[in-house]
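Visitor:
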Amino acid sequence: MASETIALSAVDQGPISERLHDWVVTVDHKRLGILYILYALLFLVIGGVEATIMRIQLIVPHNHFVSPEVFNRMFTMHGTTMIFFVVMPIMFGFANYLVPLMIGARDMAFPRLNAFSFWLMALGGFLLYFSFLGGNGLYGAGNAPDVGWWAYAPLTSQAFSPGHSSDYWTMALLVSGFGSIGTAINIIATILSMRCTGMTLGKMPLLAWLNLVMGGMVILAMSPLTAAQIMLSIDRYLGGHFFDTQAGGSATLWMHFFWIFGHPEVYVLVIPAFAFASEIIPVFSRKPIFGYPVMVGATVCIGFVSMSVWAHHMFTIGMNSYANSFFAITTMAVGVPTGIKIFNWIGTMWGGKIQFKTPMLFCIGFLFQFLIAGLTGIMLGAAPFDWQLGGSYFVVAHFHYVIVGGILFALFAAFYYWYPKITGRMLNESLGKLHFWLLLIGFHLTFDVMHIPGLLGMPRRIYTYEPGRGWEVWNLIATIGTFIQAIAMLLFVTNLIFSYWKGPEAGNDPWDAWTLEWSASSPPPPYNFASIPTVASRRPLWDLKHPEDPDWKYE
Amino acid sequence: MSSAPFARSSLEPEWILPSRARVGMISLIAAESAIFTIFVVAYIFYIGKSLSGPMPKDVLEIPVFNTICLLSSSLTIHLAVGALRNAKVSLFGVWWFLTLTLGVIFLAGTAREWHRLIFDEGLTVGTNLFGTTYYSLVGLHAFHVSVGLLGLGTGMVFTLLGKVNAEHSERVDVFSLYWHFVDVVWVFVFTVVYVIGR
Numbered sequence: 001m002a003s004e005t006i007a008l009s010a011v012d013q014g015p016i017s018e019r020l021h022d023w024v025v026t027v028d029h030k031r032l033g034i035l036y037i038l039y040a041l042l043f044l045v046i047g048g049v050e051a052t053i054m055r056i057q058l059i060v061p062h063n064h065f066v067s068p069e070v071f072n073r074m075f076t077m078h079g080t081t082m083i084f085f086v087v088m089p090i091m092f093g094f095a096n097y098l099v100p101l102m103i104g105a106r107d108m109a110f111p112r113l114n115a116f117s118f119w120l121m122a123l124g125g126f127l128l129y130f131s132f133l134g135g136n137g138l139y140g141a142g143n144a145p146d147v148g149w150w151a152y153a154p155l156t157s158q159a160f161s162p163g164h165s166s167d168y169w170t171m172a173l174l175v176s177g178f179g180s181i182g183t184a185i186n187i188i189a190t191i192l193s194m195r196c197t198g199m200t201l202g203k204m205p206l207l208a209w210l211n212l213v214m215g216g217m218v219i220l221a222m223s224p225l226t227a228a229q230i231m232l233s234i235d236r237y238l239g240g241h242f243f244d245t246q247a248g249g250s251a252t253l254w255m256h257f258f259w260i261f262g263h264p265e266v267y268v269l270v271i272p273a274f275a276f277a278s279e280i281i282p283v284f285s286r287k288p289i290f291g292y293p294v295m296v297g298a299t300v301c302i303g304f305v306s307m308s309v310w311a312h313h314m315f316t317i318g319m320n321s322y323a324n325s326f327f328a329i330t331t332m333a334v335g336v337p338t339g340i341k342i343f344n345w346i347g348t349m350w351g352g353k354i355q356f357k358t359p360m361l362f363c364i365g366f367l368f369q370f371l372i373a374g375l376t377g378i379m380l381g382a383a384p385f386d387w388q389l390g391g392s393y394f395v396v397a398h399f400h401y402v403i404v405g406g407i408l409f410a411l412f413a414a415f416y417y418w419y420p421k422i423t424g425r426m427l428n429e430s431l432g433k434l435h436f437w438l439l440l441i442g443f444h445l446t447f448d449v450m451h452i453p454g455l456l457g458m459p460r461r462i463y464t465y466e467p468g469r470g471w472e473v474w475n476l477i478a479t480i481g482t483f484i485q486a487i488a489m490l491l492f493v494t495n496l497i498f499s500y501w502k503g504p505e506a507g508n509d510p511w512d513a514w515t516l517e518w519s520a521s522s523p524p525p526p527y528n529f530a531s532i533p534t535v536a537s538r539r540p541l542w543d544l545k546h547p548e549d550p551d552w553k554y555e
Numbered sequence: 001m002s003s004a005p006f007a008r009s010s011l012e013p014e015w016i017l018p019s020r021a022r023v024g025m026i027s028l029i030a031a032e033s034a035i036f037t038i039f040v041v042a043y044i045f046y047i048g049k050s051l052s053g054p055m056p057k058d059v060l061e062i063p064v065f066n067t068i069c070l071l072s073s074s075l076t077i078h079l080a081v082g083a084l085r086n087a088k089v090s091l092f093g094v095w096w097f098l099t100l101t102l103g104v105i106f107l108a109g110t111a112r113e114w115h116r117l118i119f120d121e122g123l124t125v126g127t128n129l130f131g132t133t134y135y136s137l138v139g140l141h142a143f144h145v146s147v148g149l150l151g152l153g154t155g156m157v158f159t160l161l162g163k164v165n166a167e168h169s170e171r172v173d174v175f176s177l178y179w180h181f182v183d184v185v186w187v188f189v190f191t192v193v194y195v196i197g198r
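Sequences listed follow chains A and B, in order. The letter at position 47 of the first sequence is residue 47 when you use our numbering, and the numbering goes up by one with no holes. The letter at position 41 of the second sequence is residue 41 when you use our numbering, and the numbering goes up by one with no holes.
(1) When you compare the CB positions of A:Thr-446 and A:Thr-482, do they come within less than 7 Å of one another, or not?
(2) Express the C-alpha separation of A:Val-309 and B:Leu-246 in angstroms, rounding to a whole number.
(3) Measure from the C-beta of B:Trp-15 to each C-beta in chain A and report whether the shortest distance is under 7 Å.
(4) Any idea what DSSP makes of B:Glu-14, helix, strand or coil?
(5) Using the Cβ count rule (16 or more neighbours within 10 Å means buried), how would you classify A:Gly-14?
(6) So A:Asn-72 packs on A:Asp-146, CB below 8 Å; how close in whole Å?
(7) Would you identify the three-state DSSP class for B:Arg-22, choosing helix, strand or coil?
(8) Starting from B:Lys-49, find everything on chain A with Cβ-Cβ shorter than 7 Å and list it in chain order.
(9) In three-state DSSP terms, what is A:Thr-534?
(10) Have a look at B:Pro-13, B:Ser-27 and B:Thr-159 and flag the residue whose alpha-carbon is nearest the alpha-carbon of B:Phe-97.
(11) Going by the beta-carbon positions, is the gap between A:Phe-409 and A:Phe-368 smaller than 7 Å?
(12) Measuring alpha carbon to alpha carbon, tell me which of B:Ile-47, B:Trp-95 and B:Ser-73 ends up nearest B:Thr-191.
(13) Is A:Pro-467 helix, strand or coil when you go by DSSP?
(14) Kindly indicate which three-state DSSP category A:Ser-250 falls into: helix, strand or coil?
(15) Counting Cβ pairs closer than 8 Å, one from the region 198 to 209 of chain A and one from the region 229 to 249 of chain A, do we hit at least three?
(16) Please go through the same chain and pick out, in chain order, the residues whose beta-carbon is closer than 7 Å to the beta-carbon of A:Lys-341, but skip the five residues on each side of it.
(17) Looking only at C-alpha atoms, which of A:Ala-221, A:Tyr-152 and A:Ser-157 sits nearest to A:Gly-177?
(18) Using CA atoms only, rank isn't needed, just tell me which of A:Glu-555, A:Ser-285 and A:Pro-337 is closest to A:Ala-513.
(19) Against chain B, which members of the region 237 to 262 of chain A pass a CB distance test of less than 9 Å?
(20) So what does A:Pro-459 bridge to, in DSSP terms?
(21) For A:Arg-460, which residues in chain B fall below 8 Å Cβ to Cβ?
(22) According to DSSP, A:Arg-425 sits in a beta bridge with which residue or residues?
(23) Tell me the rounded alpha-carbon separation between B:Phe-45 and B:Ile-35.
(24) If we cut at 7 Å on Cβ distances, does A:Thr-515 have a partner in chain B?
(25) Check whether the region 77 to 96 of chain B and the region 159 to 175 of chain B are in contact - that is, three or more C-beta pairs closer than 8 Å.
(26) Three or more beta-carbon pairs under 8 Å between the region 255 to 267 of chain A and the region 161 to 173 of chain A, yes or no?
(27) Take A:Pro-453 as the anchor and find which of A:Asn-528, A:Ala-247 and A:Ile-59 has the nearest alpha-carbon.
(28) Decide if the region 184 to 193 of chain A is in contact with the region 516 to 531 of chain A; the criterion is three or more beta carbon pairs, one per stretch, under 8 Å apart.
(29) Within 7 Å of any Cβ in chain A, is that where the Cβ of B:Thr-99 sits?
(30) Could you tell me whether the Cβ atoms of B:Ser-19 and A:Ile-219 are closer together than 7 Å?
(31) Pull up the CB-CB distance for B:Ile-77 and B:Ser-176, whole angstroms please, since I reckon it's below 8 Å.
(32) Starting from A:Pro-224, find everything on chain B with Cβ-Cβ shorter than 8 Å and list it in chain order.
(33) Exposed or buried, which one is A:Gly-470 when buried takes at least 16 other CB atoms within 10 Å?
(34) Who are the neighbours of A:Ile-46 on chain B, taking C-beta pairs under 7 Å?
(35) Using the beta-carbon count (16 or more within 10 Å), is A:Thr-330 buried or exposed?
(36) May I ask which residues mark the beginning and end of the alpha helix (DSSP H) holding B:Lys-57?
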């Protein structure tokens with residue numbers, strides 16, 4: 001214990017410039033994890049401001065809060081930011097921080113690649129936002145990207161996108177894509193090659209298993225996007241014709257390449273959210289996870305099936321009936337393993353001694369909201385239904401249900417659950433509960449009612465609308481909900497900052513949990529474990545605390 | 001610290017996991033394969049869709065010598081790794097140098113082909129869809145060959161400086177995975193560009 005205290009305080013001393021320098025040159029997985037998370041939180045605020053600007057513009061018909069051009073930039077930047085520079089880095093951050101600790105390793109497999117990947121992603125985010133200053137080029141053609149986050153051809157061709165706005169978009173995604181692939185390689189190598197003695201694949205915490213699948217999916221899904229961005233750059237810079245219909249190129253090919261990335265990406269984001277739920281729900285139900293092998297199998301199954309569903313984003317472009325049927329069937333099929341997971345989480349809670357602490361509240365919110373998101377997903381997976389509602393606010397409501405209602409709620413659960421490990425202090429429980437309830441109310445106000453204007457025919461991405469179509473009241477309610485969500489976020493940020501200095505001391509294991517990270521001190525020392533642990537079951541800390549009734553007797 | 005109770009008994013079998021370098025390289029190869037797959041799909045999709053000439057059958061010649069060089073470099077690097085594993089450093093150096101030379105010959109061949117296509121046949125990236133897809137796919141492969149040559153060259157320099165010994169056979173082996181991958185990709189590129197597409 002004494003040696004750790006010395007090592008820790010040695011790191012924290014010295015002038016501020018030296019300490020900042022230590023953070024910039026660090027290769028420690030915990031520090032890089034924190035950098036990822038802080039970086040993503042910064043972009044979460046920026047992306048949230050962009051969303052708020054759009055909702056204010058749509059609060060009443062014929063509003064003039066922003067111009068149509070600015071509105072286009074807002075939805076493009078909001079989508080790109082939230083997917084690539086909020087959820088992906090935050091998931092990588094948690095994976096970075098938690099995976100080595102949970103598998104009993106001292107660092108990731110390739111620490112320097114880890115730092116390189118983070119800074120590539122940081123450069124990508126910087127490039128994307130530098131477009132506000134540099135995107136004009138010599139053309140006076142508008143600054144930030146305004147082609148939508150999937151950037152369909154021919155909007156990105158030189159004719160329709162002069163200036164450099166689309167180039168900044170392409171470069172940002174290309175650079176951060178290389179960073180993502182590097183991190184994914186690192187996660188896979190860490191999990192397969194760095195596990196502590198006794199931790200066979202069947203004894204790994206589910207979080208490690210799910211991040212392994214996530215890493216594999218990033219490798220197979222991010223690479224097509226990278227390839228497509230290279231092609232787009234060849235078109236824009238070297239005069240190529242990949243997506244140039246006037247020279248025989250195909251705009252549809254871009255759609256396919258984008259969605260081959262785009263749909264697995266949803267699972268890249270949601271599988272780590274599943275991972276959080278799979279670690280947190282058992283601890284607050286005081287029961288081991290129900291159906292561990294089935295959970296692993298379902299995740300791997302999702303990984304495979306989700307690679308073959310991409311064209312359900314493209315039903316409205318007019319594919320032939322074989323393609324429509326194939327992608328409708330695979331889309332329905334991916335709901336099956338996801339449903340299995342939901343039943344397993346309910347099975348874990350069933351008969352448990354549930355503690356309704358803030359992390360558990362967020363997990364329960366995640367469970368219900370993700371279920372509804374999945375159900376509207378099945379609706380949209382039916383091709384004829386999608387012909388009617390594709391490109392409407394119903395779709396916007398559906399995927400925000402997935403990303404906010406599902407992924408973001410699970411993320412907040414992870415924040416409340418692991419913050420004590422990362423900082424050594426507990427987050428304030430009353431503020432946390434207030435945050436949960438406000439976010440829940442705001443979320444449902446915004447995104448429940450958003451389905452309705454979609455059903456009434458309101459297309460997405462319009463900057464204003466005519467009165468008298470029955471859309472006004474729903475848009476008004478949705479915008480009010482946005483403000484409530486914004487207040488909830490402010491509470492969360494306040495809690496993060498306040499508790500860092502004033503929160504009660506957490507100790508090593510505040511939740512009486514069972515995975516290895518809780519055996520290290522809070523925050524863990526740079527080397528994580530004084531000696532590499534040996535495990536005999538899926539819940540090594542349970543074995544340690546209950547030597548009379550260890551898990552390994554039953555597994 | 002609390003890790004003391006985790007201490008293992010000496011009776012248990014030794015704990016061996018796959019080498020992280022090998023896992024990392026295989027993951028990288030998987031990612032690269034996905035990138036190449038997209039480029040190959042685009043190439044096949046656009047075969048015969050060019051609106052103007054020159055067409056592949058008019059200008060492409062089958063690069064037989066080049067292909068033989070690149071594919072045989074897979075064998076030489078395999079022999080090099082085997083030699084180093086048996087601590088035969090100078091034999092390793094010979095095979096390694098041969099691999100490097102074959103790679104350079106391949107790259108020079110590609111450069112000659114491009115020079116001919118650009119200056120004699122007037123085919124560039126912007127000429128037609130064939131030009132766009134051909135230079136992208138072959139260029140992406142040539143880029144990977146170049147990266148491989150940088151690695152081979154670095155290994156050659158260390159060999160000449162006498163810093164390479166049997167301890168490094170694992171690293172060299174992992175690097176050779178990349179080189180084999182580049183060769184296998186060429187089999188696909190060759191088939192698609194010079195056989196199917198012509």
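The beta carbon of each residue, even a glycine, is placed where N, CA and C say it ideally should be.
Guide: Looking at the coordinates:
(1) yes
(2) Look at the range of chain B in this structure, 1 to 198, and you will see that residue 246 of chain B is not part of it.
(3) yes
(4) coil
(5) exposed
(6) 4 Å
(7) helix
(8) Gly-248
(9) strand
(10) B:Thr-159
(11) no
(12) B:Ile-47
(13) coil
(14) coil
(15) no
(16) Phe-274, Met-295 and Ala-298
(17) A:Ala-221
(18) A:Ser-285
(19) Leu-238, Gly-239, Gly-240, His-241, Phe-242, Asp-244, Gln-246, Ala-247, Gly-248, Gly-249, Ser-250, Leu-253, His-256, Phe-257 and Ile-260
(20) A:Ser-392
(21) Within 8 Å Cβ-Cβ: nothing; A:Arg-460 doesn't reach chain B, min ~27 Å.
(22) A:Glu-505
(23) 16 Å
(24) no
(25) yes
(26) no
(27) A:Ile-59
(28) no
(29) no
(30) no
(31) 5 Å
(32) Ala-34, Ile-35, Thr-37 and Ile-38
(33) exposed
(34) The contacting residues do not exist; A:Ile-46 stays about 29 Å from chain B at best.
(35) buried
(36) 56 to 59
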